[in-house]
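Written out below as structure tokens is the structure these notes cover.
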Amino acid sequence: MPDSRANCARDGVPAQAPRPTDAADVARVVRVLLPLPLAGPLDYLVPDELAVPEAGSFVRVPLGSRRAIGVIWGGVAPDVPVDRLKPLVESLPTPPLEPALRAFIERAAAYNLAPAGAVLRMAMSVEDALLPPRPRRLCAISAAGAAVLHNPDGGTSGDGKLTAARRRVLETLHEQGACAVTEASRLAGCGVGVVRTLIGAGLVDEVLLAGDPPAPPLPRWDTEGPALSRDQQNAADRLLARTQADGFSVTVLDGVTGSGKTETYFAAIASALAAERQVLVLLPEIALSAQWLHRFRRRFGATPVEWHSDVSHAGRRDAWRGVASGRARVVVGARSALFLPFPELGLIIVDEEHDPSFKQEDGVSYQARDMAVLRASIAGIPIVLVSATPSLETVINVARGRYARVALPRRHAEAALPEISLVDMRRERLESGRFLSARLVEAVSTTLAAGEQVLLFLNRRGYAPLTLCRACGFRLQCPSCTAWLVEHRFNGRLMCHHCGYQAPLPALCPECLASGSLVPCGPGVERLKEEVAVRFPAARTALMVSDLLAGPRAAAELADAMVAHRYDVLIGTQIVAKGHHFPMLTLVGVVDADLGLSGGDLRAAERTYQLLHQVAGRAGREQRPGHVLLQTYMPEQPVMRALASGDRDGFLEAEAASRRTAALPPFGRLAALIVSANEPEAADFTAQALARAAPQLPGVSVLGPAPAPLAILRGRHRRRFLVKAERSVNLQAVLRDWVSRVKLSGSTRLQIDVDPYSFL
Ligand code: ADP
Ligand code: ZN
Ligand code: ZN
């Protein structure tokens, strides 16, 4: 990728500088890949007093006026002017990166057109994990704390009552053992002040830890899981036959929601653990998967190591070291867990493999599911892709015979799949500010009267997606993005969901200065909650939205409260769609089923199908049958018809046919180039230069440049190209050649997104 920083090789000399030297010196030249977006490794000289480190070793080297940690990147250094090389400072006592991981880093970089150093950075994102541990302060529950926790009636301390937050902290420490204060507060979903108060009250002790924390308890693979049904046993047998075989294989575990896919792949995890291998489980939006962790704990008697952005720095440091040393046997993580240094990886599971959050868009863009398959193939190990609604890519790979499919066709036990009906909103006469159809309202009443629970799904945070002035028509917009501001009533602010800008709701219209003229347009979940409160005043209603939940434990508590039936109606965004199992939930109402269908996203229909199918799957998971009502203005739309008739495979066939006709993925290749700059002229200038240099090759077409739909994002002006290529074209080579011919200057940046999922 062209990057102005790619030339900053003042210290190490860029690899491949020509010049012969004598052989003794050459043997002491090493190539070091630094975790920076440089063009390639830099060459350094190993001083005589140091042994030449083996490939993969972590070393410290001079870089400009500072020092940096990098990795010995194998390969023989070419003819190099040795006298110009700077000396290596030291080798670090960290286990070297395995050849398989180094190969993975290079291949992932090449595929995604990212500098290898930028990918390496993801594999060593916690730099102090590479250094010997320093003594640290941890906190642990004290005897007094344990007594309070187990004796709720006497549950007071010198500091007054045991609040819910304090109880969560004690519970966390009780389950987790000693951990850093920040980690305890994250897991408990409270501020560090709460932990400090407990320390002050003597309910939590502070302890000083010298080395690495004690190894996490090992998951017990030999405990019995639940007795599997015949279907499940068949699926497990087939899955095990594949995952126990040596070598690389991809298996798709395809089963309706609630069919027992998790139980089935737990069997594969148990068998990998029995074979003394490490296991990586990738989950989307891991922070929200408390129920998954709970199940894992119940089955294996230990908590897996977590890896995602919510884990504190200290927690990630311990996780990285635990993985590298082999002490951590099972890691459950978000996409970046893919770059952890497992020495004994034996199995990868990608759960909800269709989930769009596996695609990373910032920094190095990559599709974690696809990269997981790459990592498995390089490591020569099995990988399992799990979904109730596999992505079209995966379905086509099964059809092409590359992946094997293991199916779980039925829900477990008595549960039937919910019945899905469409509500034609074109026929509804809704009062303004109301969003629930008469039919949905009636279904909610009936459900509540039967003592059952309701989920209302609306994939929109906040109160209203748009605020406009009734007097002059002005729409409140983000000052740095082409996007409307979303009103959030819980904190009385307007927010931009793209850049995080916030402002209080103004009293006057900023345009015409009219007062009291600003009105909310359209529904968000907060507004829906108001409607529910008016229509069903007796119902106990909760909102499940990421911005209202303080951390995973708070999400888990809300889920527990639903299971315990302390709420009647749950209103939520897509975070309610995943994983939850609420036995008394029998009605799901989708308030705006059409929401995901607009815009130029080639996967819009597929995603809408997947999301709504998943939401629908929350209904009727046990004995009581479930019903789903989808409110739509497009009841004839193929997605809606497929959902209503339950014809998933028919839908996928139609979707595949239309993508094949248009030569879109997975039948053709796609890449996006996004030029951005602080000034629109600069963005246009580079976009034009790229346009002039655009490849003119058979089987390749370039669309654009065009202003991106999000034409301004965080104050940067954006232009897009879309490159379409036939499957036989080496798209990466074409792109590399193209962008190498255009120079970027000033604030201009070029982002390359191979196989884009977002078209904004
Ligand atoms: P999926 O992953 O396909 O959605 P799960 O594995 O979550 O399905 O199973 C759905 C529910 O049924 C869970 O509550 C699970 O504990 C339960 N379940 C599945 N299989 C069994 C089984 N063989 N015995 C007991 N409970 C089971
Ligand atoms: Zn106005
Ligand atoms: Zn913004």
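Just so we're aligned, residue -7 is where the sequence shown starts under the numbering used here, counting upward by one. Where is the CB? At the ideal position from N, CA and C, for every residue including glycine. Bear in mind that the values here come from a model prediction, so they are computed numbers and not experimental data.
Please report the distance separating the alpha-carbon of residue i from that of residue j.
i	j	result
T578	L440	10 angstroms
F466	T459	9 angstroms
G567	R599	Note that residue 567 is Ile in the sequence shown here, rather than Gly. Spanning the two alpha carbons is a distance of roughly 15 angstroms.
L165	A176	7 angstroms
I388	S720	16 angstroms
T624	R610	19 angstroms
V273	G203	28 angstroms
Y358	A282	26 angstroms
V303	R178	7 angstroms
P498	E523	24 angstroms
K253	E46	43 angstroms
T148	E549	Summary for T148: the model assigns pLDDT 49, below 50, so the residue's position carries little reliability; its value from the coordinates is reported in the next sentence. If you take the alpha carbons of T148 and E549, they lie about 21 angstroms apart.
G48	R684	42 angstroms
D246	L705	38 angstroms
N226	P296	27 angstroms
G60	L635	Looking at the sequence shown, residue 60 is not Gly but Ala. Cα to Cα, A60 sits roughly 54 angstroms from L635.
Is the Cβ-Cβ distance between residue i and residue j less than 8 angstroms?
i	j	result
C256	L275	In the sequence as displayed, the identity of residue 256 is Thr instead of Cys. Their beta carbons are not under 8 angstroms apart, which means T256 does not touch L275 by this criterion.
I412	V607	no
K716	L665	no
V537	V555	no
F528	V561	yes
Q629	H346	no
L339	A264	yes
A698	V734	no
V38	P211	no
P124	P85	yes
L25	L122	no
R361	V342	yes
A311	W299	yes
A551	H572	yes
Closest to residue i by CA distance: which of the options is it?
i	options	result
A170	A132, R327 and R159	A132
F482	W476, H490, L535 and A530	L535
R269	S251, F334 and V580	F334
S328	T174, S263 and M116	M116
Y493	A31, L468, L201 and A499	L468
A19	G66, A60 and V51	G66
A703	L727, L486 and C470	C470
P748	A237, P348, P88 and R158	P348
L689	D729, A679, G194 and A311	D729
P672	R613, H709 and P657	H709
L644	T381, L422 and G247	T381
R309	R402, T174, R52 and L540	T174
K570	E277, A101, A634 and I61	E277
V53	A266, C182 and E82	E82
A136	D745, G194 and G293	G194
Only counting the same chain, and skipping five residues up and downstream in sequence, which positions put a Cβ closer than 6 angstroms to that of residue i?
i	result
L622	L414, V582 and A585
A506	A463
I563	L448, V517, L520, K521 and L535
Helix, strand or coil, according to DSSP, for residue i in the structure here?
i	result
L458	strand
G612	coil
P54	strand
L603	helix
V140	helix
T148	Any reading at T148 must be qualified, since the residue scores a pLDDT of 49, below 50, and its modelled position is unreliable; no value is offered.
R158	helix
M114	helix
H754	What is shown of the chain runs -7 to 752, which leaves residue 754 out entirely.
W476	strand
F574	coil
V436	helix
L366	helix
T624	strand
D745	strand
S739	coil
E411	strand
When you compare the CB of residue i with every CB in chain B, is at least one pair closer than 8 angstroms?
i	result
G591	This model lacks chain B altogether; it includes just one protein chain.
Please list, in chain order, all residues of the same chain as residue i whose beta carbon is under 7 angstroms from its beta carbon, the five residues on each side excluded.
i	result
S509	C461, R462, A463 and C501
For residue i, I'd like the list of residues in its chain whose CB is within less than 8 angstroms of its CB, leaving aside the five on either flank, ordered along the chain.
i	result
I370	A92, A95, F96 and R99
T533	K521, V524, A525, Y559, D560, V561, L562 and I563
G592	P701 and F751
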